[in-house]
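Peer 1:
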Amino acid sequence: MLPTQLVSQFTQAAINSGAEVIAVKSIGDAAEYIATQITGVLLVPPFLTAGRFKLKSALKKTGISIEVDNFRTAAIQAEAGITGVNFAIADTGTLVLESTHEDVRLATTLPPKQFALLDPEKIVADGLQAVKPLRQLHQRNPRNYIAYVTGPSRTADIERVLTIGAHGPKQLFILLVPGFSNDYLEM
């Protein structure tokens, strides 16, 4: 499948699962979009503040209040969290994140909004093609915690009453950022 077809298939599947998918041209554009969606604190895991990503400076330019250190305290009050994505699966619209670091888990589960930065080159067609990047993740660290995120958090009780956001974010924003990181081992 061609890369543009994978992006289209992923986008449609993610939208069908309740996510919002936004294509941007750069990290700066991603930060500007995030600024239109939140007014509160954004949890930013430490690896995303590395100089090469330029995310921290882009977010600060927009005036977004960011938290990079005290996640356990800040996560309860934060409006949103942001992470990268190791890769995504097109046919289900699923994001795959190596979430061994606690800050990643807090950023993706406690705030009511989650922003995920995805390089479109890291979209694979299906579960069979996901085997290679999963193997790479497990070879690096066999005890990785891998999270699969398909749309906002949803749960239902025995009476089939669906609740969105009971065990995680009510809103999932997937920002397609070309050139962000095409390395499966890097979020």
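Numbering (UniProt numbering), first residue to last: 1 to 187. All residues carry an ideal CB built from backbone N, CA and C; glycine is no exception. These numbers were taken from a predicted model, which means no experiment stands behind them.
Please report the distance separating the alpha-carbon of I38 from that of G84.
Peer 2: C-alpha separation (whole angstroms): 18 Å.
Peer 1: What is the DSSP secondary structure of L95, counted as helix, strand or coil?
Peer 2: If DSSP states are grouped into helix, strand and coil, L95 belongs with the strands.
Peer 1: Suppose contacts are defined by Cβ-Cβ distances below 9 Å. Is T4 in contact with A31 by that definition?
Peer 2: No, the pair does not count as a contact, with Cβ atoms beyond the cut-off.
Peer 1: Count the other C-beta atoms from every protein chain shown that fall within 10 angstroms of the C-beta of S57, then say buried if there are 16 or more, exposed otherwise.
Peer 2: Flag for S57 reads exposed.
Peer 1: Quick check on DSSP: helix, strand or coil for G63?
Peer 2: In the structure shown, G63 sits in coil (DSSP, three-state: anything other than H, G, I, E or B).
Peer 1: In its own chain, which residues sit with a C-beta less than 6 Å from the C-beta of D103, not counting the 5 before and 5 after it?
Peer 2: Within the same chain, D103 has close Cβ partners P45, F71.
Peer 1: Quick one: grab the DSSP three-state call for L55.
Peer 2: Three-state DSSP puts L55 in a helix.
Peer 1: What is the DSSP secondary structure of Q114, counted as helix, strand or coil?
Peer 2: DSSP places Q114 in strand when its eight states are reduced to three.
Peer 1: Determine the burial state of Q114: buried for a count of at least 16 other Cβ atoms within 10 Å of its Cβ, exposed for fewer.
Peer 2: When all chains shown are included, Q114 counts as buried.
Peer 1: Taking 8 Å as the limit between beta carbons, can you name the residues of its chain near E121, skipping five residues before and five after?
Peer 2: Answer for E121: P3, P178, N182, listed in chain order.
Peer 1: Could you check whether E79 and F173 sit closer than 9 Å to each other, using their CB atoms as the reference points?
Peer 2: Going by C-beta atoms, F173 is not nearer than 9 Å to E79.
Peer 1: Counting along the chain, where does the alpha helix (DSSP H) carrying I34 start and finish?
Peer 2: That run of the alpha helix (DSSP H) goes 27 to 37.
Peer 1: With a threshold of 6 Å on Cβ separation, who are the neighbours of Q9 within its own chain once the five nearest residues in sequence on each side are excluded?
Peer 2: Result list for Q9: A90, in chain order.
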